[in-house]
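Enquirer: Please read through the structure below; I'll follow up with questions.
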Amino acid sequence: MPRALEVALIDVGGTLWPNSWPIRKADAAGRRLRIRAAMQGVEAAAVETLADDLIESSRPGDEARTISTENQVSIDSPAETLIAGCLGRCGLPADTDTIRRLRRAMSIPVSDRMQPLPGAVDLLAELCRLGIRNVIASNTYWRDADSYWEDFRLLGMAEHIDGIVTSVDAGHLKPHPAVFEAAMRWAGTTADRCVVIGNREENDIAPALTLGMWTILVHPDDPKPAASRAHAVAPDLWACAQAVRDMLGSQ
Ligand SMILES: [Mg+2]
Numbered sequence: 006m007p008r009a010l011e012v013a014l015i016d017v018g019g020t021l022w023p024n025s026w027p028i029r030k031a032d033a034a035g036r037r038l039r040i041r042a043a044m045q046g047v048e049a050a051a052v053e054t055l056a057d058d059l060i061e062s063s064r065p066g067d068e069a070r071t072i073s074t075e076n077q078v079s080i081d082s083p084a085e086t087l088i089a090g091c092l093g094r095c096g097l098p099a100d101t102d103t104i105r106r107l108r109r110a111m112s113i114p115v116s117d118r119m120q121p122l123p124g125a126v127d128l129l130a131e132l133c134r135l136g137i138r139n140v141i142a143s144n145t146y147w148r149d150a151d152s153y154w155e156d157f158r159l160l161g162m163a164e165h166i167d168g169i170v171t172s173v174d175a176g177h178l179k180p181h182p183a184v185f186e187a188a189m190r191w192a193g194t195t196a197d198r199c200v201v202i203g204n205r206e207e208n209d210i211a212p213a214l215t216l217g218m219w220t221i222l223v224h225p226d227d228p229k230p231a232a233s234r235a236h237a238v239a240p241d242l243w244a245c246a247q248a249v250r251d252m253l254g255s256q
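Residue numbers for the sequence shown follow our numbering, beginning at 6 and rising by one.
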C-alpha cells in the first residue's frame, strides 16, 4: 500500500511570494546600519569603506533580482565570494563568522513591498490541516534559514512553517538536489512521502522527480507552462491545495 504524504517542500520566489525583488534607494541606508552593527569593534572609517564597497558590488545582482530572484548574476557570484572580496579589498579578515553576519546585514527585510502571493497563507494552513509538515526549500542569495524566519514572522506565515532550508544553508543552488535532500533529512522522512511545490520545471520539478518525490508545478506569478513532467500543474495556490488533497485521496 502506498505511503501517505508527510512533508511538503515548498519553494518561495514565484511560489509563495513574487518572482522579483523590488529595491529602492533607501534600502542602502538600512544595509549600512546593519553593516555597522555587524562590524562593531572595527574602526569606523574602515566600516564605511566596506559598506560602500558591499553596496556598490551588490548593485548588478540587486538590479537582476528586480526582474527575477533566480538570475545569472546571482548564480555566478555567490554572496560569500562577493563579501570575502570586499573584506579583502578593505584589508579586513574574511572569516566565516564575519561573512555570515555581513550576509545577513545585506539581506533586505521584507516589508509592505513584498507580500505573499494570493492564497499562500491559505495553502500553508490547509497543508497543516491535512497533517502535512511544511518545509521551505528555496534558492536564495543573501538569506539563510534565520533570515527567512524573520521574514515569515513579519508576513504572518511562520506559524504554518515547520522548517526552512535555503541554498545558502545547503551549499548548493537547486537544481542541485542538496536543498531537497537536506529538507528531507531535517523532516526525517523518505522521498516518496514528500511533495515538492514550486514554479520552476528545471529547478523544482526535475530534481524532485529524480529523487522520487511527488511534484506540483504552480504558476501564480508566471505564464502558464507549455508542458510539465509534474504530477499536477496548478495555476494558483488554492488549486495547489486541491492537488494535494487529490494526491492524498488517491493514496
Ligand atoms: Mg521559485
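Where is the CB? At the ideal position from N, CA and C, for every residue including glycine.
Keep in mind it's a predicted model, so treat the numbers as computed, not measured.
Give a yes or no on whether the C-beta atoms belonging to I210 and G217 are separated by under 8 Å.
Expert: No. Outside cutoff.
Enquirer: Using alpha carbons as the reference points, say which of I80, P182, Q120, R106 lies closest to D151.
Expert: R106
Enquirer: Cα separation between P7 and P98?
Expert: Its pLDDT being 49, under 50, P7 is placed unreliably in this model, and the coordinates cannot settle the point.
Enquirer: Write down the C-beta distance between L135 and L253 rounded to the nearest angstrom, noting that I regard them as a contact closer than 8 Å.
Expert: Indeed they touch by this definition, with Cβ atoms about 6 Å apart.
Enquirer: Is G124 near ligand 1, in the sense that its beta carbon is under 7 Å from a heavy atom of that ligand?
Expert: no
Enquirer: Hey, R108 and E85: beta-carbon distance below 8 Å or not?
Expert: yes
Enquirer: Determine the direct distance from the alpha carbon of A69 to that of C133, and round the result to whole angstroms.
Expert: 34 Å
Enquirer: Inspect the beta-carbon positions of D127 and W243 and report whether they are closer than 8 Å.
Expert: yes
Enquirer: According to DSSP, is W26 part of a helix, a strand, or is it coil?
Expert: coil
Enquirer: Can you tell which of T20, S79, I104, V223 has its C-alpha closest to the C-alpha of G90?
Expert: Cα-wise, what sits closest to G90 is I104.
Enquirer: Does the Cβ of D117 have 16 or more other Cβ atoms within 10 Å, making it buried, or fewer, making it exposed?
Expert: Counting C-beta atoms within 10 angstroms of its own C-beta, D117 has fewer than 16 neighbours from the protein chains shown and is therefore classed as exposed.
Enquirer: Do the CB positions of R190 and V12 come within less than 8 Å of each other?
Expert: no
Enquirer: Report yes if the C-beta distance between D149 and V173 is below 8 Å; otherwise report no.
Expert: yes
Enquirer: Please report the residue range of the beta strand (DSSP E) in which T171 lies.
Expert: From DSSP, the beta strand (DSSP E) with T171 extends over 168 to 171.
Enquirer: Verify whether the separation of the beta carbon atoms of N208 and N139 is less than 8 Å.
Expert: no
Enquirer: Are Y153 and I169 closer than 8 Å when you measure CB to CB?
Expert: yes
Enquirer: Take V267 and list the residues in its own chain whose beta-carbon comes closer than 7 Å to its own, dropping the five residues that flank it on each side.
Expert: Nothing in the structure corresponds to residue 267, since the chain is present only between 6 and 256.
Enquirer: If you compare alpha carbons, which of A239, D251, S255 is closest to G124?
Expert: A239
Enquirer: Kindly indicate which residue of K229, D58, A246 has the alpha-carbon position closest to the one of L92.
Expert: D58
Enquirer: So is L10 buried or exposed if we call it buried at 16+ other beta carbons inside 10 Å?
Expert: buried
Enquirer: Please find out if some non-hydrogen atom of ligand 1 comes closer than 7 Å to the beta-carbon of G18.
Expert: Yes - ligand 1 has a heavy atom lying nearer than 7 Å to the Cβ of G18.
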